[in-house]
Amino acid sequence: MTTVATGFDRRLTAPLILGSVLNPINSSMIAVALIPIGLALGAPPSQTVWLVSALYLATAVGQPVVGRLVDLFGPRRLYLTGTALVGVAGVGGALAPNLGVLVGSRVLLGLGTCAAFPAAMSLLRSESVRTGRESPAGILTALSVANQSVAIVGPTLGGLLIALGGWRTIFTVNIPLSLACLVLGWLRLPRTEAAAGRSIRRLDLPGIGLFAAMLTALMLFLMHPRAADWYLPVVAVGAGVALTRRELRVDEPFLDLRLLGGNVPLLVTFLRQLLSSTALYAFLYGYVQWLEAGRGLSAAAAGLLLLPMSLAAVVASAVSGRFRELRGKLVVGSASMVAACALLLLADAATATGVLVGLAALVGVGQGLNGLANQNALYRQAETERMGSAAGLLRTFTYLGAIVAAAVVAAAYATGAHTGGLHHLAALMLACGVALLVVSLLDRSLTTERHTP
Numbered sequence: 312m313t314t315v316a317t318g319f320d321r322r323l324t325a326p327l328i329l330g331s332v333l334n335p336i337n338s339s340m341i342a343v344a345l346i347p348i349g350l351a352l353g354a355p356p357s358q359t360v361w362l363v364s365a366l367y368l369a370t371a372v373g374q375p376v377v378g379r380l381v382d383l384f385g386p387r388r389l390y391l392t393g394t395a396l397v398g399v400a401g402v403g404g405a406l407a408p409n410l411g412v413l414v415g416s417r418v419l420l421g422l423g424t425c426a427a428f429p430a431a432m433s434l435l436r437s438e439s440v441r442t443g444r445e446s447p448a449g450i451l452t453a454l455s456v457a458n459q460s461v462a463i464v465g466p467t468l469g470g471l472l473i474a475l476g477g478w479r480t481i482f483t484v485n486i487p488l489s490l491a492c493l494v495l496g497w498l499r500l501p502r503t504e505a506a507a508g509r510s511i512r513r514l515d516l517p518g519i520g521l522f523a524a525m526l527t528a529l530m531l532f533l534m535h536p537r538a539a540d541w542y543l544p545v546v547a548v549g550a551g552v553a554l555t556r557r558e559l560r561v562d563e564p565f566l567d568l569r570l571l572g573g574n575v576p577l578l579v580t581f582l583r584q585l586l587s588s589t590a591l592y593a594f595l596y597g598y599v600q601w602l603e604a605g606r607g608l609s610a611a612a613a614g615l616l617l618l619p620m621s622l623a624a625v626v627a628s629a630v631s632g633r634f635r636e637l638r639g640k641l642v643v644g645s646a647s648m649v650a651a652c653a654l655l656l657l658a659d660a661a662t663a664t665g666v667l668v669g670l671a672a673l674v675g676v677g678q679g680l681n682g683l684a685n686q687n688a689l690y691r692q693a694e695t696e697r698m699g700s701a702a703g704l705l706r707t708f709t710y711l712g713a714i715v716a717a718a719v720v721a722a723a724y725a726t727g728a729h730t731g732g733l734h735h736l737a738a739l740m741l742a743c744g745v746a747l748l749v750v751s752l753l754d755r756s757l758t759t760e761r762h763t764p
């Protein structure tokens with residue numbers, strides 16, 4: 312007699328969560344290390360900023376590529392390979408003799424951290440199929456809360472590590488994290504066979520190359536938009552056209568445009584992720600600078616005023632994660648963002664501290680609800696055989712939003728982080744919030760269930 316498994320394998324929880332936080336913790340720790348690294352290696356801020364940009368570029372391009380490899384060859388293989396690369400990047404960063412090698416380590420780190428999130432989403436879907444039941448909403452909530460919490464403590468942890476052992480410790484810490492992921496992944500992740508007939512030779516390498524060229528050219532232009540780099544958007548458009556023509560003709564495309572084109576709810580989820588990420592990162596990058604320059608606060612005081620945002624995001628995710636309904640989360644989340652932007656339009660050097668605290672909390676509510684709802688929507692909407700690449704694309708749209716926001720902040724603060732520039736940022740955030748609210752209200756797919764085993 313065959314026994315049918317009915318329970319989610321909770322041994323997967325630890326490796327999935329630990330692997331998924333490798334990217335946000337490395338994205339946030341570097342913020343407090345840029346100045347010490349610049350002083351140690353004799354590099355100006357215009358060069359050390361590539362330690363941030365390199366990870367964003369590598370991750371944005373690598374997420375859907377690694378996600379596709381997860382679809383083809385199984386989550387276990389890619390999870391173990393990716394987390395091993397994180398350890399190698401940690402060694403490289405710890406021993407780097409110059410900035411060039413350090414940037415290379417960050418690129419390797421970005422590629423290594425690409426695997427865990429697509430692998431997690433793919434394994435959750437596999438568990439859903441295996442058990443004949445929906446995977447617990449609590450696991451998806453735990454992933455979201457863990458990523459947000461780690462992003463919050465990242466700068467604090469980075470500062471502590473630097474105080475204990477210098478800036479190289481923020482790279483060295485990846486070695487034990489990598490080993491923990493490897494041990495947990497080896498012991499607990501299920502062994503799966505690659506899809507029949509799949510091999511690396513059947514991977515759509517030209518499609519991946521065109522996608523990488525398109526996205527890299529676009530992101531390089533968005534990071535520092537200027538007339539002298541006119542050729543970058545031209546390259547992006549040309550690569551995009553060539554990619555579209557190829558992917559519509561091959562039997563096994565890297566990006567199945569027919570499948571994506573027929574899955575309008577998933578495309579709308581990507582759009583919502585782009586809108587919410589642009590608004591969130593515009594706030595993160597611009598608000599702190601204004602608090603210090605326009606409001607006259609110290610860096611420590613400015614950081615404390617962001618704490619309500621972080622706490623509100625975690626609480627909103629944890630509480631709303633108990634409920635399956637998605638549209639309500641998105642409507643409340645986008646409405647919170649709209650309210651925060653309206654307050655930001657009125658903020659100036661004389662605004663009461665209590666108003667600033669409430670404003671940050673509203674942004675946090677929007678961050679927590681929108682992030683969790685978009686993640687859960689993708690889990691419902693993506694096709695099982697493309698879950699890994701779909702999860703990777705969701706992260707890519709997150710980083711696109713971050714880079715667009717960084718470019719807008721640079722333009723708004725061209726003459727300094729003054730109140731006028733802050734109001735320009737608030738107008739952009741308000742437009743994103745209103746668009747997000749409208750899209751959420753009109754998306755009827757959010758009220759339906761898909762892919763229930």
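So for the sequence shown, this note's numbering puts the first residue at 312; every next one is plus one.
Here a beta-carbon is modelled for each residue, glycine too, at the ideal position from N, C-alpha and C.
Sub-8 Å separation of residue i and residue j beta-carbons
i    : j    : result
L380 : V399 : no
Q358 : G679 : no
T467 : T424 : no
G465 : P335 : yes
Y367 : A430 : no
H735 : G605 : no
A593 : L739 : yes
S331 : L435 : no
A684 : G732 : no
G518 : F565 : yes
C481 : A344 : A quick correction: the sequence has Ile, not Cys, at residue 481. Against a cut-off of 8 Å, the Cβ pair of A344 and I481 comes out as a contact.
F708 : L585 : yes
C492 : T555 : no
L543 : A528 : yes
R321 : G496 : no
Y596 : V715 : no
L571 : Q692 : no
R499 : L617 : no
M530 : A702 : no
D382 : R697 : yes
A523 : V745 : no
R479 : A539 : no
R417 : L333 : no
P536 : A718 : yes
L410 : A354 : yes
Unbroken alpha helix (DSSP H) run spanning residue i, endpoints
i    : result
D382 : 361 to 384
F634 : Element bounds for F634: n/a, residue is neither H nor E.
P544 : 542 to 558
C743 : 730 to 753
V332 : It is not in any alpha helix (DSSP H) - V332 carries neither H nor E in the DSSP assignment.
S756 : Premise fails: S756 is in no alpha helix (DSSP H) and is neither H nor E.
G765 : Not covered by the structure: residue 765. The range shown for the chain is 312 to 764.
S437 : 427 to 442
F708 : 698 to 723
P501 : Taken as a continuous stretch (DSSP letters only), P501 belongs to no alpha helix (DSSP H), as it is neither H nor E.
L350 : 345 to 352
G477 : Unbroken run through G477: none, as it is neither H nor E.
A688 : 664 to 692
E603 : 575 to 604
A539 : No alpha helix (DSSP H) contains A539, which DSSP labels as neither H nor E.
S416 : 410 to 423
G727 : Element bounds for G727: n/a, residue is neither H nor E.
G607 : Looking at the DSSP string, G607 is not in any alpha helix (DSSP H), and its letter there is neither H nor E.
Whole-angstrom C-beta distance between residue j and residue i, which should lie under 8 Å
i    : j    : result
L488 : V397 : 7 Å
P375 : S647 : Not confirmed; about 30 Å, so no contact.
A365 : G421 : 7 Å
T589 : G477 : So it is not a contact: roughly 35 Å between Cβ atoms.
T452 : S628 : 6 Å
R638 : S751 : 6 Å
L747 : S621 : Not confirmed; about 20 Å, so no contact.
M525 : G551 : 5 Å
L654 : V666 : 7 Å
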